[in-house]
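Colleague: Counting with mature numbering (1 follows the signal peptide of the UniProt record, and there is no 0), you get residues -22 to -1, 1 to 580 for the letters of the sequence shown.
Idealized CB from N, CA, C, for every residue including glycine.
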Amino acid sequence: MGSMFRSEEVALVQLLLPTAAAYTCVSQLGELGLVEFRDLNASVSAFQRRFVVDVRRCEELEKTFTFLQEEVQRAGLTLPPPEGTLPAPPPRELLRIQEETDRLAQELRNVRGNQQALRAQLHQLQLHSAVLSQSHGPPMAAAHTEGPSSERTPLLPDAQEPHADLKVNFVAGAVEPYKAAALERLLWRACRGFLIASFRETEGQLEDPVTGEPASWMTFVISYWGPCNTTKFVLTPALLGGFLKPHLPISFHCHVFPYLEQEEARHAVLQQLQQQSEELQEVLGEAERFLSQVLGRVQQLLPPGQVQIRKMKAVYLALNQCSVSTTHKCLIAEVWCATRDLPTLQQALQDGSSEAGVSAVAHRIPSRDMPPTLIRTNRFTASFQGIVDAYGVGRYREVNPAPYTIITFPFLFAVMFGDVGHGLLMFLFALAMVLTENRPAVKAAQNEIWQTFFGGRYLLLLMGLFSIYTGFIYNECFSRAPTIFPSGWSVAAMANQSGWSDKYLSQHPMLTLNPNITGVFLGPYPFGIDPIWSLATNHLSFLNSFKMKMSVILGVTHMAFGVFLSIFNHMHFGQAHRLLLETLPELIFLLGLFGYLVFLIV
């Protein structure tokens, strides 16, 4: 039997790879995908192997690639798919790739850092402008005096002596809206009532320098009086986000700005702030353009670099599974390879070692270990083979049930999903994926659900096709019974010969057609269920009984077919005793119980 119906013959091959050509030889084998390496250093720790330093360098590069990819995605850009087949780069190219990648990563970090600092500075200027542009108009008079209460009780004790020299001062700033009420209440109590605060929300939202999202702010102007040193001592910790007292852990993280009393001075400062904001925005624009240039270089370097470094890492991981000869001049590897691929393996070793001026040697060695199961698939059979492997991979040289699953799985699905309309929609959807499967945009799609559908496009195609077939058998299209052929039953003949009158029909809402009356039953429906069954009161009972009995027959047939396939395995491995001790009892049990059930149904 061919490799499609039974796993291929696999041989254990020992490779003698010269040290100078080991990397290129393994790289050639990896591009062809012919072999599976055995780990000859299973007792050696992963940190003590020969090429662990090279593996770590590749992993560090992968971390840098991850950072660059996150920066590209953060900018809302996409990475183009790599063009063509990219082989693993020579070891001497690793240093060049690492230097170029580190340089791009450092440039991105510097640009992002400068951009963050400029945005924070611009945010401060915008907040200061918003504070000065708001017309709070704080009163200059003293605040009214209130008696002690739960919210107005001073936190600081009264001064021992009255303050003779009172001077009105102003503090302005911005705070997040949900902290404004708590800040006002705290300052009132802390300042013993010598304070008037005016809070107003900004007209527009400002971009947060950290998250980049728009946020609302509340500007405030506070007028206070009293001894300057005492009052400033009270105001400063609260406004700067510190702690007023050890038992009062409130942090408001306010932005505090100087507030001039003269209107002309504030207007001049506001104009200066607006000019500085415009200059900063120009600098930010230059930084954005430079960032776009750096990201453009990243988009060119990253896709091929990721593929090459991933292949290089795989080569070094394979070399770590090789043992070193006693002379330390070559590496010894053991691989599983299909027997029909041995000439290709020899040619690949010659091509890989020709540049180094030495030759690699490959020869078969006997082994008592069970070889791995090798079943070749293509884009059509891969999805069906995946269904079989999901239940378990067969042993070496066992019969492969995947070719039979190509028919049985879609058909058994269609028995459950039989509908012409729904099957046609599924068929057209799968057909569209099949017709566009070679387009780069379709292959490069990263959506996980789409990748699942695209990988099983041929499976969906057959499922839809078989659903159309069983839908015609059930005579259902979007749960309706279409009339494709004339019905095999005649209601008119029954009414004429039975003498049904209008009075009789009104008194008997349910009528029965008698096939023994001439002209009532004209013959079986050409294909599928007669559409007249959709008018019967026992329509669902009849269809459910039909589908259930058909499902039992098909299921028992499917199980019996699986048991018969095991006969080929026993004959191939020369285990005739299992035919009597395993297969025969299974058939007797299956056919004695379920086979008798099928006999009763038929």
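Can you check which of these residues, P192, G442, I200, is closest to S176 by C-alpha distance?
Modeller: Checking every option, the nearest Cα to that of S176 belongs to I200.
Colleague: Beta-carbon within less than 7 angstroms of V366's beta-carbon, same chain only, minus the 5 sequence neighbours each way: which residues are those?
Modeller: For V366, where only same-chain residues beyond five positions count, the Cβ hits under 7 angstroms are P379, A380, T383.
Colleague: Go ahead and pull the three-state DSSP assignment for M196.
Modeller: Strand at M196.
Colleague: Measuring only the C-alpha atoms, how far is S111 from L105?
Modeller: Spanning the two alpha carbons is a distance of roughly 10 angstroms.
Colleague: Excluding five sequence neighbours on each side, which residues of the same chain lie with their C-beta closer than 8 angstroms to the C-beta of Y452?
Modeller: The answer, listed in chain order, is G396, D397, G506, I507, L521, K525.
Colleague: So what does DSSP say about A473, is it helix, strand or coil?
Modeller: The answer is helix: DSSP assigns A473 an H, G or I state.
Colleague: Counting C-beta neighbours from all protein chains within 10 Å, is the total for V31 16 or more, i.e. buried, or is it exposed?
Modeller: Result: exposed.
Colleague: Put E185 into one of helix, strand or coil per three-state DSSP.
Modeller: DSSP places E185 in strand when its eight states are reduced to three.
Colleague: Using the beta-carbon count (16 or more within 10 Å), is F221 buried or exposed?
Modeller: With a pLDDT of only 39 at F221, under the threshold of 50, the placement of this residue in the model should not be trusted; the figure read from the coordinates follows. Flag for F221 reads exposed.
Colleague: For the alpha helix (DSSP H) containing W166, list its first residue and its last residue.
Modeller: Taken as a continuous stretch (DSSP letters only), the alpha helix (DSSP H) holding W166 covers 155 to 168.
Colleague: What did DSSP end up calling N547 once you bin it into helix, strand or coil?
Modeller: DSSP places N547 in helix when its eight states are reduced to three.
Colleague: Between which two residues does the alpha helix (DSSP H) holding P388 run?
Modeller: 380 to 394 is the span of the alpha helix (DSSP H), which, as asked, contains P388.
Colleague: Whose CA, out of R357, V313, T535, lies closest to the CA of V339?
Modeller: Comparing Cα positions, the closest option is V313.
Colleague: Determine the direct distance from the alpha carbon of A423 to that of R458, and round the result to whole angstroms.
Modeller: Near 37 angstroms, if we compare the C-alpha coordinates of A423 and R458.
Colleague: Taking 7 angstroms as the cut-off, decide whether the C-beta atoms of G151 and F230 are in contact.
Modeller: No, Cβ-Cβ distance for G151 and F230 is not below 7 angstroms.
Colleague: With distances taken from CA atoms, which of P350, A311, G335 is nearest T317?
Modeller: Here the closest residue by C-alpha is P350.
Colleague: Can you list, in chain order, the residues of its chain whose CB lies under 6 angstroms from that of V(-10), leaving out five sequence neighbours each side?
Modeller: Closer than 6 angstroms at the Cβ level, and outside the excluded window around V(-10), lie V313, C315, A340, R342.
Colleague: Put F25 into one of helix, strand or coil per three-state DSSP.
Modeller: F25 falls in the helix class under three-state DSSP.
Colleague: Between residue 664 and the rest of its own chain, which residues show a CB-CB distance below 7 angstroms, the 5 nearest in sequence each way excluded?
Modeller: Given a span of -22 to 580 for the chain in the structure shown, any question on residue 664 remains unanswerable.
Colleague: Three or more C-beta pairs under 8 angstroms: does that hold for the segment 2 to 12 against the segment 58 to 67?
Modeller: As far as the Cβ criterion goes, the segment 2 to 12 touches the segment 58 to 67, which means the pair count is three or higher.
Colleague: Once DSSP output is grouped into helix, strand and coil, what is the label at V146?
Modeller: Note: V146 maps to coil in three-state DSSP.
Colleague: May I ask you to list the residues that DSSP assigns as paired with R458?
Modeller: Looking at the DSSP assignment, R458 forms a beta bridge with C455.
Colleague: So, using beta-carbon positions, are V185 and P192 closer together than 7 angstroms?
Modeller: Position check: residue 185 holds Glu in this sequence, whereas Val was assumed. Yes, these two residues count as a Cβ contact at 7 angstroms.
Colleague: Between S337, S465, M488, T461, which has its C-alpha nearest T2's C-alpha?
Modeller: Nearest of S337, S465, M488, T461 to T2, Cα basis: S337.
Colleague: Given a threshold of 16 other Cβ atoms within 10 Å of its Cβ, counted over all protein chains shown, does R163 qualify as buried or as exposed?
Modeller: Exposed, since its Cβ has fewer than 16 Cβ neighbours within 10 Å.
Colleague: At which residues does the beta strand (DSSP E) containing L173 begin and terminate?
Modeller: Per DSSP, L173 belongs to the beta strand (DSSP E) from 173 to 179.
Colleague: Looking only at C-alpha atoms, which of G433, G442, G372, I75 sits nearest to T359?
Modeller: The candidate whose alpha carbon is nearest that of T359 is G433.
Colleague: At which residues does the alpha helix (DSSP H) containing Q(-9) begin and terminate?
Modeller: Premise fails: Q(-9) lies in the beta strand (DSSP E), -13 to -5, not in any alpha helix (DSSP H).
Colleague: Give the straight-line distance between the Cα atoms of E77 and L86, rounded to the nearest whole angstrom.
Modeller: So the two alpha carbons sit approximately 14 angstroms from each other.
Colleague: Between the beta-carbon of I353 and the beta-carbon of C36, is there less than 7 angstroms?
Modeller: Not in contact: I353 and C36 (Cβ atoms no closer than 7 angstroms).
Colleague: Would DSSP call I353 helix, strand or coil?
Modeller: Coil.
Colleague: Go through its chain and collect everything with a Cβ distance to V412's Cβ below 8 angstroms, but skip five positions before and after it.
Modeller: Here the set comprises R435, Y436, L439.
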